[in-house]
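Enquirer: Got a structure here, written out as structure tokens. Questions coming.
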Amino acid sequence: MTDATPTPATEAGTTPDAPDYDAMTRDIADVPAVEVITTVAVHLLSAAAVNLGLDKPDSEHKDLDEARKLITALAGLVTASATEISSFHAAPLRDGLKSLQLAFREASIVPDEPGQGPGEKFTGPVFG
Numbered sequence: 101m102t103d104a105t106p107t108p109a110t111e112a113g114t115t116p117d118a119p120d121y122d123a124m125t126r127d128i129a130d131v132p133a134v135e136v137i138t139t140v141a142v143h144l145l146s147a148a149a150v151n152l153g154l155d156k157p158d159s160e161h162k163d164l165d166e167a168r169k170l171i172t173a174l175a176g177l178v179t180a181s182a183t184e185i186s187s188f189h190a191a192p193l194r195d196g197l198k199s200l201q202l203a204f205r206e207a208s209i210v211p212d213e214p215g216q217g218p219g220e221k222f223t224g225p226v227f228g
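Taking the numbering used here, the leading residue of the sequence shown gets 101, the next gets one more, and so forth.
The structure is reproduced here in structure tokens:
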């Protein structure tokens, strides 16, 4: 015979295997802002690179429309946060961003006018 007495976990509608969201919330609060910003930027960089087809030759993931959105979001993040995260962290992100902007220009059949490419409203025109 089993004990059907509800436990505090089952009374609250969770199971013993459910994540402890209170503990997870406290954990994210302990992460420095610079680490969160750079982590998000690296994810945007990686996703944009894949959408530009830079992950491998003849990539099946190439999607310039998606890459444009990701590069623009990255440019906004890097530009807005540069003074907050210091040059030590911002410089490599700017370099990666510029590389993506140039790769986008190369991948485009009809390149954007200078200053009209992805993210260039935040960074200014990008030249190789």
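Glycine included, each C-beta is placed from N, C-alpha and C at the ideal position.
Is the closest heavy atom of the ligand FAD to the C-beta of residue 160 under 7 angstroms?
Expert: Questions concerning the ligand FAD fall outside what the structure shown contains, since it holds no ligand whatsoever.
Enquirer: For residue 215, which residues from the same chain have a beta carbon less than 8 angstroms from its beta carbon, with the 5 sequence-adjacent residues on both sides left out?
Expert: Excluding its 5 nearest sequence neighbours in each direction, residue 215 has C-beta neighbours in its own chain below 8 angstroms: 221, 224 and 225, listed in chain order.
Enquirer: Please name the residue, chosen from 144, 190 and 122, that lies closest to residue 166 on a Cα-to-Cα basis.
Expert: 144
Enquirer: In the DSSP assignment, the alpha helix (DSSP H) including residue 229 goes from what residue to what residue?
Expert: The question about residue 229 has no answer, for the chain in this structure spans 101 to 228.
Enquirer: How would you call residue 129, buried or exposed, if buried means at least 16 neighbouring beta carbons within 10 angstroms?
Expert: exposed
Enquirer: If we count the other Cβ atoms within 10 Å of its Cβ and call it buried at 16 or more, is residue 187 buried or exposed?
Expert: exposed
Enquirer: Report the residue from 151, 218 and 182 whose alpha carbon sits nearest the alpha carbon of residue 198.
Expert: 218
Enquirer: Quick check: the Cα distance between residue 124 and residue 132, rounded to an integer number of angstroms?
Expert: 15 angstroms
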